[in-house]
Every structure is written in structure tokens, then in C-alpha cells.
Amino acid sequence: MKKNKYLLLISSLLGLGLLAAAAIEENYFREWRRIQEQARGESGPIPVQLRQIVNPALKAADRCVSCHVSMAPGESMLRGAEMLRPHKPVVHDPAEYGCTVCHGGQGQATEKDDAHGRVAFWPEPMLPREMSWAGCGTCHVPLGVPGEKPLREAELAFERLDCYACHRVEGRGGTIRPDGGGMEGPDLSFAGLRGYDAAWHEKHVKKAEAESGAWRKSFAPVSAEDQKRLEMFLRTRTGASALVRAKSVFLSSGCLGCHRVNGVGGDDGPALDAAGLKDPGRLNFTGVPGGRQVSAWMAEHFRSPVSVVAGSQMPPAALPEEGIRQLTFFTLSLRARELPERYVPKDRVRAARFGEREFATDGETLYGAFCSGCHGADGMGRRLAGLAAFPGIAHPDFLSIAPDELILRTLEDGRPGRRMPGWLKPEGLRPEEIRAVAAYLRELGGTTRQPDSRPARWVAGVAARGRALFERYCTGCHGPSGKGGEGPALNNKVLLAAATDTYLVETIRRGRRGTAMAGFAEPAPVRPALSQADVEAIVAFLRSLEGGKS
Amino acid sequence: MMPATEPKDALREFRQNLRAAPKRMLETAFRSGPPRTDRSRSTFVFGNVFLHLHSVRTHRWSLRWLTTAGLGIATLAAFLITLVTGVLLMFYYKPYPDAAYQSIKDIHFVVPTGRFIRNIHRWAANGMVIAVILHMARVFYTAAYRRPREFNWLIGMALLVVTLGLSFTGYLLPWDQLAYWAITIGTNIAQSPREITDALGITEYFDPGGLQRLLLLGSDTVGAEALIRFYLLHVMLLPLVLAALLAVHFWRVRKDGGLARPADADEILARERHEETYPVFAELPQKTYHLAAIVRGRTPAVGRGPENTVPSMPHLFYAELGVLMVTICICLLLSICWDAPLKELANPNVPENPAKAPWYFLGLQEMVSFSAFMGGIGIPTIVLAGLGLIPYLDRESEGTGRWFGGPGGWPLVRFSLVFGFSAAILIEAFAIRFGWLREWFPNIHQLVITVLNPGTVLTAVYAAFSIGAMRRYNSTRAGALALFTCFLCGFAVLTVIGTYFRGPNWQFFWSPSDWPVH
């Protein structure tokens, strides 16, 4: 029976040893303990204990501060490890908000990889450090953001006109009065949220007149255009200029043409309201450079959508690497979630309840946000493999003969049966915005419309003859009965309803340079020129399609 | 006449009594002294409320490592470990869907030793299931279910079912994706009688499947009701049932004469210890030792003397505590090295694909993939019935107490292993490679598939093999050996396939790296 005695003895000793090992590991070798042990505060070492920030309203119990001790409420100015640096100055006190509401990650964890969320089965990993401002999107909706070009002009105007000399914006610029009266000019970092004096220009000019010497030059009157730029700059100062810049890139990439954000946008692609909350465990990372990070996946998605999402119809974002980075940055900020009332910010209320727009409503921004994805930043259209060509709507040949009615009708009603949606709808654009887009198109094309004195319908041709001509010369691109193919669908109700006969006739006669549509009034090696009568017959045939014949 | 004594002095008595109090406390707590003689060792066991379920003397055969491999005690040890760690976890776990997952995270990260205790609980629970299956196999192979131990075998089967129930109910409690979808699968399997009632068109009148699922979930979906229900079953009802059954199980071990041993156990022991056997008593004693009155029936050591028995205190307890400690050590080691799994928070909108039941049900799930009713209810019922009938069908006496005892012996078991593995692998391979009846007869009636599917075919093949063994060796024990071994093989093969080779949509994949990504 000795065997059992020894079995008991040895296994008991082994068990005690294992328990001791586990106890030692838990109480001495935890990373957060070691960090806290080497921290030194003003009055010496700090007590070593688990620390957390609890915010029941935001459902947060963030234990990040067990390692990042300086960010805990009541702690500051600790010396020791790298991570004992205090939090950068931010609007929302981490001691109240916790950490994960902005940064993501797994707040309840006390081990580094678990806490940063870079483990399997945690769906919300921490945002990359350089994209931390994307966390603002959990609650906030930046309003009235312009496209990339207008925003850059606005930023440059503020610099060019030397406003930084007196005004501080996000820690940059500003002068302190030598006589100890504070800053020369107010801090404009949050002018977009708190508002600014509408009469600022008059006041500056008055001050210039009152002052003498060098100050006089500083306040020279500013041109109306520059005033507009400066005001756009002020309106977009919300304390997160990196996010606003990223949003402006988003608004110049035409994404809203297919995707909906906060209820506004197109239907071709999925809504993007939770696009920043992608669960890395459910993403396919084959072919994605940069590791299993959501940001890497997103960036590759923008570079080549169909390689990361099988069957994707999204065209590649035609942007350089920096633009891809900005798009990724903004998309990561699309992470809005249910918030308790106390934490709903004003901008979200303004957008959701009062219908204020997230984007600036000038034509350039609207075109960049809704149209440029398909029609190109220059308005000359895009050709993508496997898809029907997107027309060049700022093409000079088009604009010179297209009546305003055609452009407006197409914008409002779209082209049913084709990819162009009608934009006059609650999730789309408002009438004044559509008009702004149409005006911008004219500007983009750079041509003026040739006047047309004829009525909308004046063609008197023989439809039967037109059909024969159509079948000989047109169906190759425009499909049988004009239902479309390489070329646009000509039996489209909206097109036919809105287009004037002049427009149709002139398009056929002159063609559209740079596209496959030749000018049929000119002879070509494979066909003779069409006479005016021929063209009118074809148009008469097209008109006959209007009556519902498919 | 009373002798002359000092006059009574209450204060002196008080002081004397106070000084003597500690020693007296010990004496009154333990009514008999330290166990230094055989008699006091007997009283130590017999007179102790916790220990008196044990016999006072244990046969040396029962204490051999090879007799039982300590598996029964290992199962009990695993149960005790899960009990203690489970109660500790109950201090922090909250059985409500909004709070359950968070409470597990808090236990893991914040509660001192929380991670450790939770891991121990999980590994001990898995260990208990493994140990109970191995224990059942040991009892079978040593034919220890024979007269008079048939009923104890049935109690053991009930314990097996309750153990699986405990593990299954506990599986839901973390409320993560793993738990939620595993229980969805399990309760849908409980609903599988609908396969039959639907095929017969009688579901609206007679729906045992729906009733079973409703009873388990308390609702149509896996939600707060199911969680509370499973929690109650897991922490209170099933442990109580298990404890009651355990009491009966141990009591029957005693009443049936201790652990089974072969008739020539004494000779074998003597051979092992290089002794000669001799009868100790010229005449068999009428009474063995000072115990309760002998009643009609069996007593622990009727008809033989105490030779080859040793006092339970300390020898049996060394063995039991040794097994307990080894089990504890294994659990500690596993817990230090590997964390219990926890996936994302349960999300009813995002099914796991593949959604897998806990590992001990994966063989069953594999069969369910062929026919829900047969895999979920039919074949398990047949298996349980078959296992339960073993002691009543095999009433031979040859080989009791010896490993692979009885006609056939190890050669038959070896052959059955080969046959069992091969049959299971071949039938599975056929079904995986070529498909089943619907491949060639797309409109075949569901009931045909219910009756004729890889699970039932395998069962029939095993049954035929068992009948063949019975005839070959002219022994019911041989048939039992063949069938049980085949069952173990089938269970192992199906479980391994279900665990490692089934991927999304329950398709066969050689490796998880071949699984299609979303």
C-alpha cells in the first residue's frame, strides 16, 4: 500500500507547488502591477491596486488606467514608465468619459493585448493611435463640412491672411498681450461649435482704423471671397480638425452617391453608419497587406474593393496613398451608437432632428460628395471594367446643347432602369441643392449653353424610316429598341421626357468628342453621313418609343 | 459508601474545567481516540458521519491501481472540484443576458484568482465527462456489472446522463457566441421528433419535440428565460440529483460487497506479493467484527475472513486522496496553461457557422446531420437502452473482475476495435465522398432517410457484428464485449470528425485553413 501513500504525497506537493506558482504569477508578475510599482508621484510611490474609470451611463468600466495611471482621476505627474504620461489635453475629461468610448478596445481587460482589443473574439479593437480622432464619431457628427478643395482653400486663407498671428486654433498661433491682458484674439478652436461674432469683419476693419502703425496692416479689409473662405474655416473648427479634413476627403470621393450615411445618400451600396465598427474576426484578410488590422483591411478595400469583398461593385478609389489613409480615417469614425440622453451632442441633434446637413451645400461639395464617384472628379465620366460606362456630364459637347430642364429632370428623377438614381427624395438632395449641383456642372464644363429658340418638340420625321436607320446605325451601341448597351438607354422615359428635340438632333449630328458617339453628320469610313432628314427621322422614332413601347 | 473527598469548591472546579476545556473540546468532537489500533481505525470510519459510507476494511484487490485506475474516484474528485469552484464563481456570476457576459469578463480580469478558478471549473467539468466515460468503460471491461451489481450499473448510467446534463446546462452560462449557438443546436435537437411527426403530418396534434424544446427554453428562443432555467438546473437541481444518485451509487457498492473482484483475487494478490496463501481461520468465523447486526442479505464481508483486507483508515483514504490530489494537479496544470474559451457576446443575428454543440455531443451532432430524429433521439435512446440492458443480457459469471474477462477476452476486444474503427470510418467516408440517398433519389420520402442513414447503418452493422461474436464464442459476454467496443470506437470516430473535420454548413474539410472565409 506504499504506492498510494507516495502518490498522495507527491501529488499533494505538486498541487501545492502549482498553487504557489499561480499565486505568485497573479500577485507579482502582472504587467500592471510592475508598472505601478515603479511609478513615482509627488509624494513617493503610489499604492499598487487595480484602478478603473466607471461610467454606468456609457456602460464603461475601463481598467486602462491600471497601466496608464496618469490618466486616472486624481492622478497626474507620475514619473516612471512610458505609459505613465498623462493624457493629451482633450475636451472630454477621460476621468468622466472613460477611455473606450473614444478609443475602442476592451476596457474591462487588464492584460495589454486583451485591453487593446487585439485578440480573437473581441469585435471592437482599439483605433490606431494616429487615427484616435476617429473616436469622435461615436457621438459626434461634424456638420457643414465642405469638400477637400474648398476646405484646403479655407485653411490656406486663414494662414495666408495671417490670422494665426493673433488667434489660437488647436494650440497653434496666437499672441499673448505683453501687458498681461490675455490673448490678443479669442481662441477659435471651437468656433464651429460655440459660434463666432457675425460682425467680425466690421470689427476688424474698425479696429484697423483705430489702431496705428503695424497693426493697421494686419486688419486690412478682406475680399468677399476670402471672407467666405474664412467663415467656412471657422464653421468647421470643432476641435477635431484631423477628422474634419478626413471628412472633406470623403466628401470629395463621391461615396454618398451609392452609400447612405445618417440617412442621406444612395442605395447601391450598404449604409455606412456602422462601417467603422467592423469586427476583425469576420473579415477576410487574404491579400491585405499590413496585418490583421481593420484599418489595413479598409485601406485595401478602398484600393481594390473586389479583392477584399467578393462580388463587390464598388469602383476603386482613385486616390493616392494619403487619400486612402484619410478615407480610412473617416470611415473608422462612422461608429455611432445608442447614447444616453445626457451624452447626445448638439451636432447630432441638429443633424437628426433639425435636418442640418453634414456636408456644405455648395455645388462643388455636393458634386464631389454625390456625383464624382461615378461621373469622375472632372465630370468627364468613368469607365470601369464590367460596368456600363458612366457618362461625362460636364462634357462641353453635352453642356452646350443640354437644356437646363434635362439636367434638372435627370437629377431629380434619375434614369429608372439604369444606375442613376433620382435625387429628389428625403434620403437624397433638396431642390436648392439640386439646383446648386446643376449650376456647378455648368461651371465645371466651362461652356455656355447655346441658345435654342425652337420649341421642345418640333421634329416631323417618319418614325418607320427612323427605325430602319436606327437599326442600321444605332443598335450596335444603344441596343435593340434603344434599351441600352455600351451606350445609354435611349428609350428611357426620363430622358425622352426631359430632352428637347434640338438636344437629340444635335447630339446625333455632332456626337460627343472623347466618347464612342461619333458625329453622324460627318461621313465615316464605315457609313455615310446622315442627312438632316435622316437624323430627324431617327429622332421621330425615338419619340415613338416614349409612348411605352419597349 | 462514598469515599472521602475534598469539599466541593466551585471556583476551583471552574478554573480546572477551563484549563481542561481545549483537550475536552477535542475529545468531545472526536468520540474515539486517534486511529492507532485496528479497532480504533474501524471506529474512525464507522463512527464518522462523513466517512461511514465507506466500509471499515477494504480488500487489497480494490486498491490495486490496475483494478480501477481510480476512475470512479477521479470522477467524484472532478465533481467536487467543479462544486467548490462553481460555488466560488457563483459569488460573481450574474445569470441575466445583459450581465452574464460582463460578469464572466470581470471574473477573468478583475476578481482575484478569478481567471484561475474559472479555468479550473471548465477543465474539471471536461475532466468529469471524460472520467465518467472511462469509468463506465472500466466497469464494463472488468464485467463489474454482473450479479449483484446490475442495478448499480443503471444508477451509473443515470449519473452519466446527469453529468452530461450538468455540462450542457453550464455551457450556456457565459452567454457568448459559443454558448448561445451550441444551446441553439442542442435544443433544436431536442425538437427533432418533429422530423417524424412532420413526415406523418401529425405535428399539430402531437408535438413532443416542440414540447421538449419549450420546456428547456421556457420560450420560443434562447433568451433570458432559458438562461435562468439552465442556471437553476446547473447550480441547484442537477447537483442535488447527482448527489442523491451518488449516495445510492456508493451505498450499492458497499451493499453489493465492495468493488468487484475475480474469484481468484487472493491467489493473484499472493502471486504479486510472492506470498503463499493459506486460510487464516480453521473455521470460518460467524461474525467478523463489531458492527451493526447482520441482517438477511449481504454484508460487506460475508463468508470470508478479514485476510487480504486492510483497514480503510488509512489505506483506502490514501488511495482516494491520492486520486483526488492527482486530479487536482491535472486541473491546476491545465488551468495555469490554458484559458477557458470565451468568444464574443452572444448575438442572435450572427449565427456561428459552423455552430457546434459541446464536444461530448459532437458525435451526436454528426449523426444529426444525417437525420435529426435518429441522431438526436433515436440512436441515443437505442444506445442508452442497450447500455442499460447489458447486465441483464449478460448473466454469465466467467471473467468477473478481470480486465476483458469472459469468453473472447482481449483478442475479441482487439478485433472489435479494428472492426469498430473501420466500419465507422468507412461509412463516414462513403457518406462524405458520395453523399447519401437524396443524391440519387431527390424526392425520396423523409422517413426512408430517417430509417436508413449512416447512423442507423452503423448501428445495424455493429449489432450484426455483436451477434456474430455471440455465436462465434457462444457467449452473451462476447457479444457485449464486441458491441461495447464498437460503440466506443463509433463514438470516438464521430466525435473526432465532428470536432476537427466539419466546417461551415457542416461540410467536410481536411483542415480549418480550408474553410471558406466570409
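Same order as they appear, the protein sequences are chains A and B.
So that you can map any letter, position 237 of the first sequence is 237 in our numbering, and since no number is skipped, the others follow by simple counting.
So that you can map any letter, position 114 of the second sequence is 1114 in our numbering, and since no number is skipped, the others follow by simple counting.
Cβ coordinates follow ideal geometry from the N, Cα and C atoms, glycine included.
The structure displayed is predicted, hence computed values, not measured ones.
- Message: Does the structure place the segment 280 to 287 of chain A close enough to the segment 389 to 407 of chain A that three or more beta carbon pairs sit under 8 Å?
- Response: no
- Task: Report yes if the C-beta distance between T100 (chain A) and F1109 (chain B) is below 7 Å; otherwise report no.
- Result: Counted from its first residue, the first sequence places residue 100 (chain A) at position 100. Counted from its first residue, the second sequence places residue 1109 (chain B) at position 109. Taking 7 Å as the Cβ cut-off, T100 (chain A) and F1109 (chain B) do not qualify as a contacting pair.
- Message: Rounded to the nearest angstrom, what separates I1390 (chain B) and A1247 (chain B) at their Cα positions?
- Response: For this step, residue 1390 (chain B) is matched to residue 390 along the second sequence. For this step, residue 1247 (chain B) is matched to residue 247 along the second sequence. In a straight line, the C-alpha of I1390 (chain B) is about 23 Å away from that of A1247 (chain B).
- Item | Cβ shell of F1370 (chain B) (< 8 Å), same chain only, five flanking positions each side left out | In the second sequence, the residue the question calls residue 1370 (chain B) occupies position 370. Answer for F1370 (chain B): A1431, W1436, I1449, N1453, P1454, G1455, listed in chain order.
- Query: Cβ atoms of A1125 (chain B) and T1169 (chain B): under 7 Å apart, would you say?
  - Reply: Working through the second sequence from its first residue, we reach residue 1169 (chain B) at position 169. Working through the second sequence from its first residue, we reach residue 1125 (chain B) at position 125. Cβ atoms of T1169 (chain B) and A1125 (chain B): not closer than 7 Å.
- Query: What are the boundary residues of the alpha helix (DSSP H) that includes T1476 (chain B)?
  - Reply: Start at 1 with the first residue of the second sequence, and residue 1476 (chain B) comes out as number 476. Where T1476 (chain B) is concerned, the enclosing alpha helix (DSSP H) stretches over 1476 to 1500.
- Task: Say whether chain B places a C-beta atom closer than 7 Å to the C-beta of K493 (chain A).
- Result: As a first step, residue 493 (chain A) is located in the first sequence; it is residue number 493 there, counting from the start. So no, K493 (chain A) is outside the interface.
- Message: Is it buried or exposed, S43 (chain A), if we count other Cβ atoms within 10 angstroms and call 16 or more buried?
- Response: Numbered from 1 along the first sequence, position 43 holds the residue referred to as residue 43 (chain A). Looking at its Cβ environment, which holds fewer than 16 other Cβ atoms inside 10 Å, S43 (chain A) is exposed.
- Task: Can you say whether E1344 (chain B) is buried or exposed, counting buried as having 16 or more other CB atoms within 10 angstroms of its CB?
- Result: Taking the second sequence and counting its residues from 1, one reaches residue 1344 (chain B) at position 344. It is buried - the Cβ of E1344 (chain B) has at least 16 other Cβ atoms within 10 Å.
- Message: Assuming the contact rule is C-beta atoms closer than 8 Å, A72 (chain A) and G107 (chain A) should be a hit. Round their C-beta distance to whole Å, please.
- Response: Translated into positions along the first sequence, residue 72 (chain A) becomes position 72. Translated into positions along the first sequence, residue 107 (chain A) becomes position 107. That pair is no contact at about 13 Å.
- Task: Could you tell me whether the Cβ of F1014 (chain B) comes closer than 7 Å to any Cβ of chain A?
- Result: For this step, residue 1014 (chain B) is matched to residue 14 along the second sequence. So no, F1014 (chain B) is outside the interface.
- Relative to the alpha-carbon of I1073 (chain B), which residue among B:C1489, B:M1128, B:V1045, B:S1103 has its alpha-carbon at the smallest distance? One-based indexing of the second sequence puts residue 1073 (chain B) at position 73. Looking at the Cα atoms, B:M1128 is the closest of the given residues.
- Item | CB contact flag (R237 (chain A), G192 (chain A), <7 Å) | By 1-based counting over the first sequence, the position of residue 237 (chain A) is 237. By 1-based counting over the first sequence, the position of residue 192 (chain A) is 192. Closer than 7 Å, so yes.
- Item | The alpha helix (DSSP H) enclosing T1450 (chain B), as first and last residue numbers | Here residue 1450 (chain B) refers to the residue found at position 450 of the second sequence. Element bounds for T1450 (chain B): 1446 to 1451.
- Query: What does E1344 (chain B) touch in chain A if you count any residue whose Cβ is under 8 Å from its own?
  - Reply: Along the second sequence, one-based indexing puts residue 1344 (chain B) at 344. Per Cβ cutoff of 8 Å: F121, W122, P123, D279, G281.
- Message: Would Q108 (chain A) pass as an interface residue toward chain B - the criterion being a Cβ-Cβ separation below 7 Å?
- Response: Along the first sequence, read from residue 1 onward, the residue named residue 108 (chain A) stands at position 108. True, the Cβ-Cβ gap to chain B drops below 7 Å.
- Task: If I'm right that S307 (chain A) touches G287 (chain A) with Cβ under 8 Å, what's the distance once you round it to whole angstroms?
- Result: Translated into positions along the first sequence, residue 307 (chain A) becomes position 307. Translated into positions along the first sequence, residue 287 (chain A) becomes position 287. That belief holds up - the Cβ atoms of S307 (chain A) and G287 (chain A) are roughly 5 Å apart, short of 8 Å.
- Task: Could you tell me which residues DSSP puts in a beta bridge with H1059 (chain B)?
- Result: Along the second sequence, read from residue 1 onward, the residue named residue 1059 (chain B) stands at position 59. According to DSSP, H1059 (chain B) bridges with B:T1309.
- Message: Does chain B have any CB closer than 7 Å to the CB of K5 (chain A)?
- Response: As a position in the first sequence, residue 5 (chain A) is number 5, starting the count at 1. Yes, K5 (chain A) lies at the interface with chain B (some Cβ there is under 7 Å from its Cβ).
- Query: In terms of residues, what are the limits of the beta strand (DSSP E) holding D273 (chain A)?
  - Reply: Start at 1 with the first residue of the first sequence, and residue 273 (chain A) comes out as number 273. Neither: D273 (chain A) is in no beta strand (DSSP E) and is coded neither H nor E.
- Cross-strand partners of R418 (chain A) (DSSP beta bridge): Locating residue 418 (chain A) in the first sequence gives position 418, counting from the first residue. DSSP, once it has assigned bridges, lists no residue as partnering R418 (chain A).
- Taking just the CA atoms, how far does D114 (chain A) sit from G104 (chain A)? In the first sequence, the residue the question calls residue 104 (chain A) occupies position 104. In the first sequence, the residue the question calls residue 114 (chain A) occupies position 114. When rounded, the distance between both Cα atoms is 12 Å.
- Item | Contact set between the segment 1087 to 1110 of chain B and chain A, restricted to residues whose Cβ is under 9 Å from the partner | Q1102, K1105, D1106, H1108, F1109, V1110
- Message: Less than 7 Å between the beta carbons of C1329 (chain B) and S66 (chain A), yes or no?
- Response: Against the second sequence, residue 1329 (chain B) aligns to sequence position 329. Against the first sequence, residue 66 (chain A) aligns to sequence position 66. No, these two residues do not count as a Cβ contact at 7 Å.
- Message: Looking at the secondary structure, which residues open and close the beta strand (DSSP E) in which D62 (chain A) lies?
- Response: Along the first sequence, read from residue 1 onward, the residue named residue 62 (chain A) stands at position 62. That run of the beta strand (DSSP E) goes 60 to 62.
- Item | Chain-ordered chain A contacts of A1340 (chain B) [CB-CB under 7 Å] | Start at 1 with the first residue of the second sequence, and residue 1340 (chain B) comes out as number 340. Simply none; closest approach about 12 Å.
- Query: How big is the Cα-Cα spacing for G1363 (chain B) and P123 (chain A)?
  - Reply: Position 363 of the second sequence holds residue 1363 (chain B). Position 123 of the first sequence holds residue 123 (chain A). Approximately 31 Å, taken between the alpha carbons.
- Query: Who are V1045 (chain B)'s beta bridge partners in DSSP?
  - Reply: Numbered from 1 along the second sequence, position 45 holds the residue referred to as residue 1045 (chain B). V1045 (chain B) pairs with nothing; no bridge assigned.
- At a cut of 8 Å, does the segment 1222 to 1235 of chain B reach the segment 1199 to 1206 of chain B through at least three beta carbon pairs? no
- chain B within 7 Å of G15 (chain A), Cβ atoms only: As a working note, residue 15 (chain A) is residue 15 in the first sequence. Judged by the 7 Å Cβ criterion, G15 (chain A) is in contact with chain B.
- Message: Suppose the cutoff is 8 Å on Cβ atoms and the five residues either side in sequence are ignored; what does the same chain contact list for L9 (chain A) look like?
- Response: If you number the first sequence from 1, residue 9 (chain A) lands on position 9. Within the same chain, L9 (chain A) has no close Cβ partners at all.
- Task: With DSSP as the reference, please indicate the residues paired to I1328 (chain B) in a beta bridge.
- Result: On the second sequence, position 328 is the one that residue 1328 (chain B) refers to. DSSP output for I1328 (chain B) lists no bridge partner at all.
- Message: Quick check on the burial criterion: 16 or more other C-beta atoms within 10 angstroms. Buried or exposed for Q326 (chain A)?
- Response: Locating residue 326 (chain A) in the first sequence gives position 326, counting from the first residue. Buried, because 16 or more other Cβ atoms sit within 10 Å of the Cβ of Q326 (chain A).
- Task: Provide the residue span of the alpha helix (DSSP H) that contains I53 (chain A), from first to last.
- Result: In the first sequence, the residue the question calls residue 53 (chain A) occupies position 53. Looking at the DSSP string, I53 (chain A) is not in any alpha helix (DSSP H); the run it does join, the beta strand (DSSP E), is 53 to 55.
- Item | Contacts around G1186 (chain B), its chain only, beta-carbon distance under 7 Å, and the 5 residues preceding and following it disregarded | Position 186 of the second sequence, counted from the start, is the residue given in the question as residue 1186 (chain B). Excluding positions up to five away in sequence, the list reads F1168, A1357, F1361.
- Query: Helix or strand or just coil, what does DSSP make of V1295 (chain B)?
  - Reply: Along the second sequence, one-based indexing puts residue 1295 (chain B) at 295. Below a pLDDT of 50, predicted positions are generally treated as unreliable, and V1295 (chain B), at 40, falls in that range; the measurement from the model is reported next regardless. Here V1295 (chain B) sits in coil by DSSP.
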